[in-house]
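All remarks here apply to the structure that follows.
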Amino acid sequence: MSEAVLKSASPNQQWTLPSRGIVGMTCLIIAEAAIFVIFVVAYIFYIGKSLTGPTPKDVLELPIFTTICLLSSSLTVHAAVSSLQKSKQRLCSLWLAATVLLGGIFIAGTANEWYDLIYKHGLTIRTNLFGTTFYSLVGLHATHVVVGLILLSLALFFSMRGEMKEEHSEKLEVLSLYWHFVDGVWVIVFLVVYVLGR
Amino acid sequence: MATQIPVNELHDQIAHAPRRLWLEVLHDWVTTVDHKKIGLMYIAYALFFLVVAGFEALLMRVQLAIPNNHFVSPEVFNGLFTMHGTTMVFFVGMPILFGFGNYLIPLMIGARDMAFPRLNAFSFWISAFAGFLLYFSYIGGSGLYGAGSAPDVGWFAYAPLTARVFSPGHSTDYWTLSLLLTGIGSIGTALNIVTTIICMRCPGMKMSRLPLLPWIYLVMSGLTFVAIGPLTAAQIMLMLDRYVGSHFFDTQAGGSAVLWMHFFWIFGHPEVYILVLPAFAFANEIIPVFSRKAIFGYPAMVAASVGIGFISLSVWAHHMFTVGLGAGGNTFFTLATMIISVPTGIKIFNWLATLWGGKIQFTASMMFAIGFLFQFLVAGLTGIMLSVAPFDWQLGNSYFVVAHFHYVLVGAILFMIFSAFYFWYPKMSGRMLNEKLGKWHFWLFVIGFHLTFDLMHVPGLLGMPRRIYTYEADRGWMMWNLLVSSGAAIQAVATLLFVYNMVWSYFKGPIAGPDPWDAWTLEWSIPSPPPSYNFAEIPTVASRRPLWDLKHPDDPDSDYEMGQADPHETQKEGA
Amino acid sequence: MLVLAITAAIFLIVAGILAYVLVRYRSRASNGHGEQEPPQIYGSNQIELSWTVIPILIVVMLFLATTRVIYTTEHAPRPANALDVTVVGHQFWWEYRYPQLGVVTANELHVPVSDHAHPLPTYLTMSSADTDHSFWVPRLAGKMDLIPNKVNTMWIDPQMNGLYLGQCAQYCGVQHAKMLIRVYADSPEEFAAWVEHQRQPAVDDPAVTEGRSVFMHNACISCHTIRGTVATGRFGPDLTHVGGRETIASGSVPNTPTNLREFIDNPANFKPGALMPPMHLDTHDLDAVTAYLTTLK
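Residue numbers (the numbering used here), protein chains in the order written: chain A, 1165 to 1362; chain B, 3 to 577; chain C, 93 to 389.
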């Protein structure tokens, strides 16, 4: 009796389920967000509590240019996905290249900022609580940006070789979700570190 | 496929294929991405560590049986309780529950595998590696004061004890790294579970027809995402403090020891719900089958499980009532903790209502499930006692707390895991476990469990704190500790019986067939053990219990979807 | 008591129902199969609502009662004559300072006994010099943690004379188990006498000059204080009146000359992992310094 065959799918029924890539990436984003939240909480908790050393007001400048670059890169990656969905492969490559470039500028800007902080202002991760929480939070974000850039560069590489087609657009969309997340985190970090904390 | 072979013949061909070399078999298992094999590896791995961590517990109980004992040194004892706790939570609890989930979820939703099979394999192997890294510390590390080698900072590794200055060796580092790695594995598996359930259900299986086990695993996986992150973050901070000179938990630089506690328990409390929710999931499948009734109140069960998931994120500081949070903080966390008893109570009542009016079959599996019900009730009640902050001021960090959480972990979760073994072993292996041995296992274990953990509440009430390698003779704790220790020995014997049963039955047990329990979810519609492709044809379902509908075609569940209107209308006679 | 009553009642009711159900509804067929299935009941809105609402009411009641206890304990009004003691936790001993009285001691806490009519509680202001600790004397009060870089306060109000035992209740390292607490609730006269005595600088008995010299010329002075001498170390317990204590090694070893000698020779004899290193004194010096410390009553 238990061997009885259950009804197989009837052809006229619609049974569509969400895309695995998007659901999976959303889960990953939630998990990563939880990690970032804790670093943000630590940052906020320790505002004003350093016993010594430079304070945010002393050394931080608003990174307006790099922020604009990073946030625009969300627009460009979105454009890349749309282009691929319309089978415009060369346009997709262009937008991907723009995204990588803008992301690269952000990282270069961060590196420059850190160079100044370390060598001109003497702020390192071990200087005081501000140094600890600043470098860890901004550094964690920057690491995620770098990972994203590596993946985007890979995508760009395949796209330039003409190997990325319209049927891959969902995979690119999943990657773009990650990139939007990274940009979203930057909005929070920017507000907490450079606006609230100073 | 080159030729079209009818499914049954293909199966026979596989069954009669020539025996393969053991190297081929090994290669097959090491490289597999099949959710069933991965699930079995998780389970076997967890059982191995259950024995190891159980042995660590036995050593501790020998040391504590009499006051001022010299069975093990303080350093070794401190390592034992740290390793016992860490192993049981991360290398027994999580893997065994992920293992069952991995095995059962695709089968229950009519899918051929998990959503990301390679991620599945990766998650398993990284967790497996983490376990061996932790135990490598016994031979590789150097602990507190250079004596001993394994982690010895307690499973919750409070700062600043874990700072370089107080823990100069590598014991803390082994703890941190192995848990970081297994956390990655946990997130991977949880991601797989969520994606599988949302994206791979068979046609007709709307979320409202999803069996309760996948529902609860969905909640548990969501909790995993939100809970493991804080632990990972805190551990990164700890490593930065130890090696790069940062000051997250460095009280000399203005850092806060309490911050570690907050971060750890923001992880730690949801973690115990991650461990207990699958036990609820098993109960939701097993109790109805052996009561011969559908689960009572399916929508409430879903809502209660989701509610428990959310509320569990808000109760963490009930582990910190003695830290000096202030009256406001203590009050808030008391309230949140008490509130969680409401959905939990609803679940217990629903199980009772499922039993009520049923025809209860006392198989070994069911007996463990009943043990779970009783013990979970008691554990919940001692939990309510502890949620009262002033009560916790006396009994927090004492053996009363140890007794409470072991009541949940062993009395509820482990009992339900045993129940799940007796229930699903036939499906996984094709053979039945021996019922008589099962009942011996049950009774021995119940006696040992109650001897140990009922009595353990008393030393706590008499003032015995936890994590002490010995105690003074003049406190009146000796008799209780001695009895507690003897119960541990009985549980060990019972567990060995269980392991023997599993091994013996694999070779000599009666053949199970696809549906030995006359159950109702999809996994019972395929052969035992299932073929690698699970379902010859992906099924379509029309209710929560597709096999009930098949077996009772005149009165299917699909007539009674979603617990409609009137109680009278929702009642009917079985076929 | 309310908590116990509620939980006991819930236990009896629910366990009772469980027991009843198991007996009443057990399957009576000789084999599991072939029996008619019982009526399938899927739910009942009324019943489910009632067992949601009633627990909520119980929770509200319990919560309100608990909140009242939390606030009356934490915000208890402090009488003007309350005694202040500063407690500093160390790995693996307790430092006690009485700021109003100018007394510093270790491991054995003396407080005046109180009574309902004329309350004389002792307020403990607590922190830690190293890792987390917790002060727990069950028969006096609940526990409170000692956390570095944080100050916690609690009060005790012993109503009966006597010795109250406790120990550290937060894992603090290797010898957490031997960080014992002894609280002596003295009558007012006894307490006043004790305070007066503790305020005196160390006894200077000429018979043990040699031992005193051993102490002052060794590393002892870098960790210990003996008031009235050059020893002003703060890392270890104050030894000014160590001879008068009933125990050493934070309550874990009776204070006899033999034990004291063995401890000084190598603390690991009693407390492996204690932060005091073995002093490597030769037999003669060891005897002399033990004799000296024994006179510090």
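Here a beta-carbon is modelled for each residue, glycine too, at the ideal position from N, C-alpha and C.
Because the structure is a prediction, the values reported are computed rather than measured.
Span of the alpha helix (DSSP H), counted from its first residue to its last, around residue i
{"i": "histidine 29(B)", "result": "24–33"}
{"i": "serine 1323(A)", "result": "1293–1324"}
{"i": "threonine 301(C)", "result": "301–308"}
{"i": "alanine 132(B)", "result": "119–142"}
{"i": "histidine 167(C)", "result": "No alpha helix (DSSP H) holds histidine 167(C); DSSP gives it neither H nor E."}
{"i": "asparagine 1276(A)", "result": "1253–1283"}
{"i": "glycine 1212(A)", "result": "That residue, glycine 1212(A), is in no alpha helix (DSSP H); it is neither H nor E in DSSP."}
{"i": "proline 382(C)", "result": "Note that residue 382(C) corresponds to threonine in the displayed sequence, not to proline. Element bounds for threonine 382(C): 375–387."}
{"i": "threonine 174(B)", "result": "173–201"}
{"i": "valine 1349(A)", "result": "1333–1353"}
{"i": "leucine 233(B)", "result": "214–246"}
{"i": "phenylalanine 402(B)", "result": "401–408"}
{"i": "proline 280(C)", "result": "280–291"}
{"i": "proline 548(B)", "result": "548–553"}
Delimiting residues of the beta strand (DSSP E) encompassing residue i
{"i": "histidine 182(C)", "result": "175–182"}
{"i": "tryptophan 185(C)", "result": "185–190"}
Beta-carbon proximity list for residue i, same chain, < 7 Å, skipping 5 on both sides
{"i": "glutamate 1331(A)", "result": "none"}
{"i": "tyrosine 409(B)", "result": "Gln377, Val380, Ala381, Thr384 and Phe455"}
{"i": "alanine 149(B)", "result": "At alanine 149(B) the pLDDT is 43, less than 50, meaning the model places this residue with poor confidence and gives no usable figure here."}
{"i": "leucine 378(C)", "result": "Arg353, Ile356 and Asp357"}
{"i": "alanine 1272(A)", "result": "none"}
{"i": "valine 317(B)", "result": "His271, Phe335, Ala338, Thr339 and Ile342"}
{"i": "valine 64(B)", "result": "Phe73 and Ser487"}
{"i": "aspartate 222(C)", "result": "His182, Gln183 and Pro240"}
{"i": "glycine 335(C)", "result": "Leu385, Thr386, Thr387, Leu388 and Lys389"}
{"i": "isoleucine 107(B)", "result": "Ile195, Thr198, Ile199, Pro216 and Tyr219"}
8 Å CB neighbourhood of residue i in its chain, flanking five on each side removed
{"i": "histidine 394(C)", "result": "What is shown of chain C runs 93 to 389, which leaves residue 394(C) out entirely."}
{"i": "glycine 565(B)", "result": "In this prediction, glycine 565(B) has a pLDDT of 45, which is less than 50 and means its spatial position is unreliable; what the coordinates show is noted afterwards. Around glycine 565(B): Gly299, Tyr300, Pro301 and Thr572."}
Per DSSP, cross-strand counterpart(s) of residue i
{"i": "valine 275(C)", "result": "Leu201(C) and Tyr256(C)"}
{"i": "arginine 118(C)", "result": "Ile362(B)"}
{"i": "threonine 317(C)", "result": "Thr324(C)"}
{"i": "isoleucine 1199(A)", "result": "Answer by DSSP bridge pairing: none, since isoleucine 1199(A) is not bridged."}
{"i": "proline 1371(A)", "result": "The structure shown does not extend to residue 1371(A), since chain A is modelled only from 1165 to 1362, so the question has no answer here."}
{"i": "valine 195(C)", "result": "Tyr190(C)"}
{"i": "isoleucine 513(B)", "result": "Arg433(B)"}
Cutoff 6 Å; reference residue i; Cβ partners in own chain excluding five residues on either side
{"i": "proline 467(B)", "result": "Asn399 and Ser400"}
{"i": "asparagine 244(C)", "result": "Met218 and Met236"}
{"i": "proline 66(B)", "result": "Note on residue identity: the sequence assigns leucine, not proline, to residue 66(B). Result list for leucine 66(B): Asn483, in chain order."}
{"i": "phenylalanine 1345(A)", "result": "Ile1193"}
{"i": "tyrosine 245(B)", "result": "none"}
{"i": "histidine 459(B)", "result": "Phe402 and Ala405"}
(request) Entirely within the stretch 314–399 of chain B and at least 4 residues each: give me those alpha helix (DSSP H) ranges in chain order. (result) 329–341, 343–357, 366–389 and 391–397
(request) Can you check the stretch 431–510 of chain B for any alpha helix (DSSP H) of at least 4 residues that lies completely inside it and give the ranges in chain order? (result) 437–457, 459–463 and 480–510
(request) Determine contact between the stretch 413–422 of chain B and the stretch 174–192 of chain C, defined as no fewer than three beta-carbon pairs at a distance below 8 Å. (result) no
(message) Count Cβ pairs between the stretch 193–207 of chain C and the stretch 268–278 of chain C that sit closer than 8 Å; are there 3 or more?
(response) yes
(request) Say whether the stretch 347–354 of chain C touches the stretch 301–314 of chain C, bearing in mind that this needs 3 or more beta-carbon pairs closer than 8 Å, one atom from each stretch. (result) no
(message) Quick check for students: name the residue ranges of the beta strand (DSSP E) that lie wholly in the stretch 208–258 of chain C, counting only runs of 3 or more.
(response) 214–220, 225–228, 236–238 and 244–248
(message) Below 8 Å, how does it come out for the stretch 425–437 of chain B and the stretch 500–508 of chain B: are there three or more Cβ pairs, yes or no?
(response) yes
(message) Going residue by residue through the stretch 251–305 of chain B, where are the continuous alpha helix (DSSP H) segments of at least 4 residues, counting only ones entirely within it?
(response) 259–293
(request) Return the chain-ordered ranges of every alpha helix (DSSP H) run that is complete within the stretch 333–357 of chain C and spans a minimum of 4 residues. (result) 349–357
(request) Note down, one range per segment and in chain order, each alpha helix (DSSP H) of at least 4 residues found wholly within the stretch 49–100 of chain B. (result) 76–88
(request) Could you tell me whether the stretch 349–365 of chain B touches the stretch 131–144 of chain C, using the rule of 3 or more Cβ pairs below 8 Å? (result) yes
(message) For the pair the stretch 111–119 of chain B and the stretch 169–180 of chain B, tell me if three or more CB-CB distances fall below 8 Å.
(response) no
(message) Assess contact between the stretch 1232–1242 of chain A and the stretch 1258–1272 of chain A, defined as three or more Cβ pairs (one per stretch) separated by less than 8 Å. Is contact present?
(response) yes
(message) Across the stretch 1213–1230 of chain A and the stretch 1277–1291 of chain A, are there enough close Cβ pairs to call them in contact, namely three or more that are closer than 8 Å?
(response) yes
(request) Report yes or no: do the stretch 358–375 of chain B and the stretch 287–298 of chain B share at least 3 C-beta pairs separated by less than 8 Å? (result) yes
(message) Would the stretch 34–49 of chain B count as touching the stretch 80–89 of chain B if we require 3 or more Cβ pairs under 8 Å?
(response) no
(message) Any contact between the stretch 1243–1254 of chain A and the stretch 1288–1296 of chain A? By contact I mean 3 or more CB pairs, one from each, below 8 Å.
(response) no
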